[in-house]
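**Q** Per my numbering: the sequence shown ends with 240, consecutive numbering throughout. All C-beta atoms in this analysis are idealised placements derived from N, C-alpha and C, irrespective of residue type, glycine included.
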Amino acid sequence: MRLWHKDLISVLPKNQLLGQWRECCLIAKNIAEKGTPNHILVNKIIDYPIDHFIYYSEMIATEMFKRKYKVKWENFEKYSLCTDDGRVKCDFDKLFADWHTTRYLMQCLSNLQEKYDCGGISDEEYQLIFNAVYERD
């Protein structure tokens, strides 16, 4: 279980993007029921306002809509993490600020590179990922 670095969302291969949505729903469920995601790679979520996680999940859903994948938002909403007014207050640049760092981006890249090396990600998909990492501002 992991939350891919925010800068990779737009270039995640289909399997990783769809898997990320499932993980966001599972994390929402665990937070609602247990107060924590209860996994070493994502427990950091509780160090941030819940708006960060909701905003991140909305980014995943938006990317899925953009690619014409079906998103069942109710799978996320049923855990009552959304704000009362339905608006999330979070700045992309501050999203998971001490977590989604360059170091974490490199960790995610290494994970995706391993998937590429094992044949789970195509050359075209990996090139998009590589470019997103090395052509950042």
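(1) Excluding the five sequence neighbours on either side, which residues of its own chain have a C-beta within less than 8 Å of the C-beta of K109, listed in chain order?
(2) Just tell me which of L215, E238, R239, N234 has its CA closest to the CA of K117.
(3) Quick one: give me the first and last residue of the alpha helix (DSSP H) that N118 is part of.
(4) According to the Cβ coordinates, are E212 and V174 closer than 8 Å?
(5) R105 and V145 - do their beta-carbons sit closer together than 8 Å?
(6) Between the C-alpha atoms of E138 and I112, what's the straight-line distance to the nearest angstrom?
**A** By the coordinates alone:
(1) Mapped onto the sequence shown, residue 109 falls at position 6. Counting only Cβ-Cβ distances below 8 Å, and skipping sequence neighbours, we find Y159, M162, F195, L198, F199, H203.
(2) Locating residue 117 in the sequence shown gives position 14, where the first residue counts as 1. Of the candidates L215, E238, R239, N234, the one whose C-alpha sits nearest the C-alpha of K117 is L215.
(3) As a position in the sequence shown, residue 118 is number 15, starting the count at 1. Counting along the chain, the alpha helix (DSSP H) containing N118 begins and ends at 117-137.
(4) By 1-based counting over the sequence shown, the position of residue 212 is 109. By 1-based counting over the sequence shown, the position of residue 174 is 71. This sequence places Leu at residue 212; Glu is not what is there. No, the Cβ-Cβ distance between L212 and V174 is not below 8 Å.
(5) In the sequence shown, residue 145 corresponds to position 42, counting from 1. In the sequence shown, residue 105 corresponds to position 2, counting from 1. In contact: V145 and R105 (Cβ atoms closer than 8 Å).
(6) Counting from 1 along the sequence shown, the entry for residue 138 is found at position 35. Counting from 1 along the sequence shown, the entry for residue 112 is found at position 9. Going by the sequence as given, residue 138 is Gly instead of Glu. The alpha-carbon atoms of G138 and I112 are separated by roughly 26 Å.
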